Amino acid sequence: QIQLVQSGPEVKKPGESVKISCKASGYTFTQAGMQWLKQAQGKSLKWMGWINTNTGKTTYAADFTGRFVFSLETSASTAYLQITNLKNEDMATYFCARWGFDYWGQGVMVTVSS
Amino acid sequence: DVLMTQTPVSLPVSLGGQVSISCRSSQSLVHSDGNTYLHWYLQKPGQSPQLLIYRVSNRFSGVPDRFSGSGSGTDFTLKISRVEPEDLGVYYCLQSTHFPPTFGSGTKLEIK
Numbered sequence: 513q514i515q516l517v518q519s520g521p522e523v524k525k526p527g528e529s530v531k532i533s534c535k536a537s538g539y540t541f542t543q544a545g546m547q548w549l550k551q552a553q554g555k556s557l558k559w560m561g562w563i564n565t566n567t568g569k570t571t572y573a574a575d576f577t578g579r580f581v582f583s584l585e586t587s588a589s590t591a592y593l594q595i596t597n598l599k600n601e602d603m604a605t606y607f608c609a610r611w612g613f614d615y616w617g618q619g620v621m622v623t624v625s626s
Numbered sequence: 011d012v013l014m015t016q017t018p019v020s021l022p023v024s025l026g027g028q029v030s031i032s033c034r035s036s037q038s039l040v041h042s043d044g045n046t047y048l049h050w051y052l053q054k055p056g057q058s059p060q061l062l063i064y065r066v067s068n069r070f071s072g073v074p075d076r077f078s079g080s081g082s083g084t085d086f087t088l089k090i091s092r093v094e095p096e097d098l099g100v101y102y103c104l105q106s107t108h109f110p111p112t113f114g115s116g117t118k119l120e121i122k
């Protein structure tokens with residue numbers, strides 16, 4: 513069965529970096545892109561962008577340029593989201609989802625606190 | 011960006027009852043390929059969103075037929091009949107016709 517399993521919760525200080533993983537199984541990793549989404553506590557979902565798992569080409573939403581980087585480890589069927597120079601407003605749960613938004617990871621809660 | 015307006019915000023329901031959730035888009039969601047990329051999700055507390063309906067009216071694998079989707083253009087509806095306890099949570103619509111994909115603000119289904 514198709515599964516996306518994300519890494520565990522993170523607690524960081526402002527200015528630090530975090531790298532979240534999303535390991536796919538049950539399908540051919542390179543045949544479907546990976547989307548990344550953000551959900552602040554009690555809020556709706558916001559699309560951050562996606563990475564083409566075949567070519568590595570990335571597309572970022574306007575609000576997620578500069579400090580946000582999508583990457584791949586294709587041999588491990590894993591996608592990554594790195595956020596640098598963390599700010600208070602980055603505190604949220606981050607989800608990966610397969611290209612058609614059909615399967616989602618369980619989410620990673622990132623806490624940013626001094 | 012396409013604005014997705016979901017109503018109501020909160021929806022009290024009796025178990026066994028029927029409810030409808032509305033999702034309106036600020037522009038037509040008909041893609042140039044002829045498809046309409048409007049989807050519905052349920053997010054239970056502490057979980058990730060789960061796909062219920064894709065492309066307006068197609069039930070995803072394993073979704074009971076108590077869930078049905080309809081609509082066209084800019085106006086869409088999710089109907090839930092014979093509501094069960096596991097249906098409670100927040101429902102979201104998502105459009106992926108236009109870049110960037112955008113979500114509705116959510117409808118919380120709760121027990122009356």
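Chains as they are written, first to last, in our numbering: chain P, 513 to 626; chain R, 11 to 122. Yeah, the Cβ is synthetic: ideal placement off N, Cα and C, and Gly gets one too. Since the structure is predicted, the reported quantities are computational estimates derived from the model, not experimental observations.
Close beta carbons around residue i, own chain, < 7 Å, minus the five adjacent residues each side
i: R/Gly-26; result: Arg-92 and Val-93
i: R/Pro-111; result: Leu-104 and Gln-105
i: P/Ser-533; result: Gln-518, Ser-519, Thr-590 and Tyr-592
Run of the beta strand (DSSP E) containing residue i, from where it starts to where it stops
i: P/Ser-587; result: Unbroken run through P/Ser-587: none, as it is neither H nor E.
i: R/Phe-86; result: 85-90
i: R/Phe-109; result: Note, R/Phe-109: premise wrong, no beta strand (DSSP E); not H, not E.
i: P/Lys-558; result: 557-563
i: P/Lys-550; result: 546-551
i: R/Ile-63; result: 60-64
i: R/Val-29; result: 29-35
i: R/Phe-77; result: 77-82
DSSP-derived helix/strand/coil call for residue i
i: R/Pro-95; result: helix
i: P/Phe-541; result: helix
i: P/Phe-600; result: Reading off the sequence, residue 600 of chain P comes out as Asn, not Phe. Note: P/Asn-600 maps to helix in three-state DSSP.
i: P/Ala-573; result: coil
i: P/Trp-616; result: strand
i: P/Ser-456; result: This structure gives no information on residue 456 of chain P, because the portion of chain P shown stretches from 513 to 626.
i: P/Thr-605; result: strand
i: P/Ile-514; result: coil
Same chain, Cβ closer than 6 Å to residue i, five either side skipped, listed in chain order
i: P/Trp-611; result: Ala-544 and Gly-545
i: R/Thr-17; result: Ser-32
i: P/Glu-522; result: Val-530 and Val-622
i: R/Gly-99; result: Leu-52, Gln-53 and Lys-54
i: P/Lys-558; result: Lys-550
i: P/Phe-541; result: Thr-565 and Ser-589
i: P/Thr-571; result: Gly-561 and Trp-562
i: P/Ser-583; result: Tyr-592
i: P/Ala-536; result: Leu-516 and Ser-589
i: P/Phe-607; result: Leu-549, Trp-616, Gly-617 and Gly-619
Per DSSP, cross-strand counterpart(s) of residue i
i: R/Pro-22; result: R/Glu-120
i: R/Tyr-47; result: Note: R/Tyr-47 sits in no beta bridge, so no partner.
i: P/Glu-522; result: P/Val-622
i: R/Thr-17; result: R/Ser-32
8 Å Cβ shell around residue i - same chain, five flanking residues per side excluded
i: P/Gly-527; result: Asn-597 and Leu-598
Inset, instruction - Mind checking the segment 581-604 of chain P against chain R and listing, in chain order, the residues whose C-beta falls within less than 8 Å of any C-beta there? - result: none
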